[in-house]
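In my numbering, the protein residues as written are -3 to 204. One structure below.
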Amino acid sequence: MRRSILIFLFIIFLMAQQVSAEKLVVDSKYMDFNKETVVVNVTLTGLKNGLSGYNITITVENPSLADIISVDLPEWATLNDHSDLPSKSVWIKAVDLNEKVQGNLSEILLAKITLKTKRIGVSQLTVTSYEIDDDEGFQIDPIIQNGTILVDVNGNGRIDIGDVSYVAYMVVNKIPQNLKADFNGNYKVDIGDLAKIAYYLIGKIDKL
Ligand SMILES: [Ca+2]
Ligand SMILES: [Ca+2]
Ligand SMILES: [Ca+2]
């Protein structure tokens, strides 16, 4: 009896830990292919002992889709640096030198990342490494929520039959070619590209 109560309390404890844990969130964004750039926020939620600084790396998993072209840091990040851009990956460092990020905070902006989209498709925007410290010098080990970038024709947030038809029309020259639909990289929109987006739609391939 007593043992089951202990197990029960332990489960409650674990659930409470899960609920109160910090979370590192990379926004997800979708857009139509006429939009050249997109800004993605990277935020940290559920802070308990403030933040002294961070060093995070964000990577575009499908680099043919987009490049990271710039990084904007919030006002609190007086001391900051990032790796050279444009690139498919960027590391960003920031220090809360003036002690603006203190105590209990439900959400704090770490960085705004601007990407330039290159073609139709989908990519994860992944936190590939991180080091984040609170104001007591303890390392924060957040739950990671990676982002997704989706670029399509009709801007409805998914690759669907409308997008496939558009590529089909280009292949048969009913509409002008747009190299943002050149998935196989041979500088023309052809049957290979149509096959690729169609296979993606029906789930035969998992990358576009
Ligand atoms: Ca701080
Ligand atoms: Ca669509
Ligand atoms: Ca092609």
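By construction, the Cβ of each residue, glycine as well, lies at the ideal position given by its N, Cα and C atoms. Just so you know, these numbers come straight off a predicted model, no measurement behind them.
| query | result |
| --- | --- |
| What's the call for phenylalanine 179, buried or exposed, on a 16-neighbour Cβ count within 10 Å? | buried |
| Along the chain, where does the alpha helix (DSSP H) containing glycine 188 start, and where does it finish? | 187 to 197 |
| Going residue by residue through the segment 113 to 184, where are the continuous alpha helix (DSSP H) segments of at least 4 residues, counting only ones entirely within it? | 157 to 167 |
| Can you list, in chain order, the stretches of the beta strand (DSSP E) that have 3 or more residues and sit fully within the segment 1 to 66? | 19 to 22, 25 to 28, 33 to 43, 49 to 56 |
| With leucine 75 as the anchor, note down where its beta strand (DSSP E) starts and where it stops. | 75 to 78 |
| Go through the residues and name those whose CB comes closer than 6 Å to any heavy atom of ligand 3, in chain order. | Asp178, Asn180, Asn182, Lys184, Val185, Asp186, Gly188, Asp189 |
| Could you check which residue in Leu175, Glu132, Gly117, Thr122 has the C-alpha nearest to that of valine 147? | Gly117 |
| What do you reckon, is the C-beta of glycine 46 under 6 Å from a heavy atom of ligand 1? | yes |
| Grab the span of the beta strand (DSSP E) containing isoleucine 88 for me, first residue to last. | 85 to 91 |
| Got a sec: is the Cβ-Cβ distance from glutamate 57 to anything in chain D below 7 Å? | The displayed structure is made up of one protein chain only, and chain D is not part of it. |
| For ligand 1, is there a heavy atom less than 6 Å away from the beta-carbon of glutamine 135? | no |
| Considering only the alpha carbon of each residue, which of Val167, Gln173, Glu71 lies closest to glutamate 95? | Glu71 |
| Taking the CB atoms as reference points, tell me whether aspartate 246 and asparagine 37 lie closer together than 7 Å. | Nothing in the structure corresponds to residue 246, since the chain is present only between -3 and 204. |
| State the Cα-Cα distance for the pair lysine 170 and lysine 192, rounded to the nearest angstrom. | 19 Å |
| Let me make sure I understand the geometry here. Which of Gly143, Pro82, Val160, Val86 has the alpha-carbon closest to that of valine 149? | Val160 |
| Sorry if obvious, but does the Cβ on arginine 154 come closer than 6 Å to a heavy atom of ligand 2? | yes |
| Between Gly181, Pro138, Val21, which has its C-alpha nearest arginine 115's C-alpha? | Gly181 |
| Using only the alpha-carbon positions, how far apart do proline 138 and threonine 124 sit? | 13 Å |
| Can you give the Cα-Cα distance for proline 82 and alanine 107, rounded to whole angstroms? | 16 Å |
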